[in-house]
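For reference, the structure is listed below as structure tokens.
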Amino acid sequence: MTDDKAGQMKIRPIDQADRGRVDAFIVRQWYTTQMVVHGQVLDLGSADGFYTCDGDEITGLITYRVSGKEMEILSLDSLRERRGTGTLLLNAAIGKARDSGLERIMLITTNDNLPALRFYQKRGFDLVRIHRNALEQARKIKPEIPLTGMDSIPLRHEIELEMMLKEEKTEAGNDQSTVL
Ligand SMILES: CC(C)(COP(=O)(O)OP(=O)(O)OC[C@H]1O[C@@H](n2cnc3c(N)ncnc32)[C@H](O)[C@@H]1OP(=O)(O)O)[C@@H](O)C(=O)NCCC(=O)NCCS
90 MTDDKAGQMK
100 IRPIDQADRG
110 RVDAFIVRQW
120 YTTQMVVHGQ
130 VLDLGSADGF
140 YTCDGDEITG
150 LITYRVSGKE
160 MEILSLDSLR
170 ERRGTGTLLL
180 NAAIGKARDS
190 GLERIMLITT
200 NDNLPALRFY
210 QKRGFDLVRI
220 HRNALEQARK
230 IKPEIPLTGM
240 DSIPLRHEIE
250 LEMMLKEEKT
260 EAGNDQSTVL
């Protein structure tokens with residue numbers, strides 16, 4: 090467990106003992122631990138991640154999965170916005186990916202989520218793909234997905250963002266430094 094700069098917020102990796110309250114947090118945010126991405130049902134209830142807490146209360150959560158050399162961020166939620174929680178969680182996941190020698194971090198958000206597009210782009214993620222009308226497909230699996238999202242924007246497309254993690258060799262070819 091580590092403290093943030095202000096010494097109030099704690100961040101911890103999810104372990105088995107946390108599973109019940111982490112799942113309760115996910116359900117509170119999303120009504121279910123099941124989400125549909127890439128036309129597949131994913132269960133956040135078994136995903137790895139980090140959470141922030143204030144005493145016993147979970148105040149933020151990031152979940153991810155790893156496949157080969159790639160991490161996919163599955164969810165990021167902050168209950169205490171504009172206090173550094175989201176950045177702390179995102180940096181923990183990026184640190185985990187770097188420490189694990191992964192090459193790419195990707196995530197999907199939806200076309201209505203302009204705050205998330207802003208948040209991730211300001212933190213080194215780049216827009217790489219639009220999966221047009223992906224939500225139409227997702228509604229065939231999960232009909233309760235609404236037709237409109239944030240600010241009443243039609244909820245239609247999945248937008249893929251990525252951060253490449255690369256090892257850059259020096260001219261001597263020995264020393265390596267990690268760059269975005
Ligand atoms: C996107 C989200 C995770 C951001 O979480 P957050 O806790 O507000 O994130 P942070 O506090 O780290 O950063 C948000 C802004 O607050 C600012 N901020 C941080 N601490 C601050 C403080 N003490 N005072 C004023 N501003 C502050 C940050 O600089 C940042 O602004 P910037 O992007 O212009 O740099 C959050 O809005 C959220 O949960 N959204 C809903 C779910 C969602 O859409 N998730 C993402 C899609 S998967």
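Sequential numbering of the sequence shown, starting at 90, is according to our numbering.
C-beta atoms are modelled at their ideal positions from N, C-alpha and C, and glycine is treated no differently.
Would you grab the beta carbon distance between glutamate 192 and leucine 250 for me? Rounded to a whole angstrom, and I think it's under 8 Å.
15 Å between Cβ atoms; not a contact.
Which class does lysine 229 belong to by DSSP, given the choice of helix, strand or coil?
Lysine 229: helix per DSSP, three-state reduction.
Less than 7 Å between C-beta atoms, sequence neighbours within five positions excluded: which residues of the same chain meet that for alanine 227?
Counting only Cβ-Cβ distances below 7 Å, and skipping sequence neighbours, we find Val125, Gly128, Ile234.
Buried or exposed for aspartate 201, please, with buried defined as at least 16 other CB atoms from any protein chain shown within 10 angstroms of its CB.
Classification of aspartate 201: buried, given that the 10 Å Cβ count is 16 or more.
When DSSP labels each residue in this structure, what does glycine 164 get in the three-state scheme?
The amino acid at residue 164 is misidentified as glycine; the sequence shows serine. Strand, per DSSP.
Is there at least one non-hydrogen atom of ligand 1 closer than 7 Å to the beta-carbon of threonine 152?
Every heavy atom of ligand 1 is 7 Å or more from the Cβ of threonine 152, so no.
Inspect the beta-carbon positions of threonine 174 and threonine 152 and report whether they are closer than 8 Å.
Going by C-beta atoms, threonine 174 is not nearer than 8 Å to threonine 152.
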